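A.B. asks: Pasting a structure below so you can have a look.
In the working numbering, the protein residues as written are 0 to 282.
Okay, here's the thing in structure tokens:
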């Protein structure tokens, strides 16, 4: 978890004062709670509850029973790493009638209370693709309408070895304009393989839990994902196990990709969202 001084430094150095972008640093405490939700999920791979007693959370640990026994009988290894952009900014909650109640306005991947649809398409309510695309690809149950449903979805994804990591720790509205500036200023490169907070440092911390054949793909919007695969090398976390993730696999071209971005490891489509079929192709 990024400490508050590093969090503020990352913001000031990389996001504060970008020309034409009026954005405010998101609340650190909200980041800390959301990061703990990711750690709750990673506890499945650790096989133990690592929650700190001094951090107030909105619910008990969802993946262990009251006696600290994992709900998933067999401890899995991490095999598939999905790289997203950032968690979405929080909206005003809309609570449903589940017990416990689900929040239908919000969609953070690791918050078990967030069961929001994510977007409207015509007259249909479509589940948020950030969780729906992975769960469809790996054959996991729907995460709606209740938190208890979402727990089962996340347990299923963990059993398959799936983990989602965010490139940026800041829950802000990312636009194409902002992404291009972050790319042009070289800021994305730091968050890909830098030393304070990056995909590299996050994966390095997971070394003990990686499958020998682990790999990754990108599900951030194509503008960002295509830039990363095209401009940078694969994450090298030697002496940790690098699995099958290397430059040869990272740079592979696929005939199934979208026009203008033909990298196999980019699993977001022209809508800017993750796509189950492209995730399947990526791995």
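Backbone N, C-alpha and C define an ideal beta-carbon position, used for all residues, glycine too. Quick caveat, the model's predicted, so the values are computed rather than measured.
(1) Let me confirm a value: residue 160 is counted as buried when at least 16 other C-beta atoms fall within 10 Å, else exposed. Which label applies?
(2) Drop a sphere of 10 angstroms on the beta-carbon of residue 215, count the other beta-carbons inside from all chains shown, and report buried for 16 or more, exposed for fewer.
(3) Contact criterion: CB-CB distance below 8 Å. Does residue 149 meet it with respect to chain D?
(4) Out of 72, 87, 76, which has the shortest C-alpha to C-alpha gap to residue 25?
(5) Classify residue 83 as helix, strand or coil using the three-state DSSP reduction.
(6) Give the secondary structure of residue 113 by DSSP, where H, G and I count as helix, E and B as strand, and everything else as coil.
(7) Figure out for me which residue from 239, 39, 196, 253 has the closest Cα to the Cα of residue 8.
(8) Would you identify the three-state DSSP class for residue 323, choosing helix, strand or coil?
(9) Which whole-angstrom value is the C-beta distance of residue 136 and residue 278, which I expect to be below 8 Å?
(10) Looking at residue 234 and residue 273, is the spacing between their C-beta atoms short of 8 Å?
(11) Can you list the beta strand (DSSP E) stretches of 3 or more residues lying completely in the stretch 227 to 270, in chain order?
(12) Look at the alpha carbon of residue 4 and the alpha carbon of residue 110, and state the distance between them as a whole number of angstroms.
(13) Going by the DSSP bridge assignment, what does residue 77 pair with across the sheet?
(14) Closer than 8 Å by C-beta to residue 85: which residues in its own chain qualify, once you throw out the five before and the five after it? Chain order, please.
(15) Take residue 37 and list the residues in its own chain whose beta-carbon comes closer than 6 Å to its own, dropping the five residues that flank it on each side.
(16) Answer yes or no: do residue 154 and residue 71 have a C-beta to C-beta separation smaller than 8 Å?
(17) Which class does residue 194 belong to by DSSP, given the choice of helix, strand or coil?
(18) Report buried or exposed for residue 68, applying the criterion of at least 16 other Cβ atoms within 10 angstroms of its Cβ.
(19) Within 8 Å, do at least three Cβ pairs link the stretch 173 to 182 to the stretch 11 to 22?
(20) Could you say which of 112, 157, 128 lies nearest to residue 147 if we only look at CA atoms?
(21) Alpha carbon to alpha carbon, how far is residue 52 from residue 263?
(22) Would you kindly report the start and end of the unbroken alpha helix (DSSP H) that includes residue 147?
(23) Out of 56, 276, 99, 220, point me to the one whose CA is closest to residue 82's CA.
(24) Which value, in whole angstroms, describes the spacing of the CA atoms of residue 260 and residue 247?
(25) Under the three-state reduction of DSSP, which class applies to residue 63: helix, strand or coil?
(26) Taking DSSP as the reference, what is the three-state secondary structure of residue 273?
C.D. replies: Taking the coordinates as given:
(1) buried
(2) buried
(3) In the structure shown, chain D cannot be found, because there is only a single protein chain.
(4) 87
(5) strand
(6) strand
(7) 196
(8) With the chain covering only 0 through 282, there is no way to say anything about residue 323.
(9) 5 Å
(10) no
(11) 252 to 257, 260 to 262
(12) 25 Å
(13) 209
(14) 165, 166, 167, 168, 169, 170, 171, 173
(15) 109
(16) yes
(17) coil
(18) exposed
(19) yes
(20) 112
(21) 43 Å
(22) 146 to 159
(23) 220
(24) 17 Å
(25) strand
(26) strand
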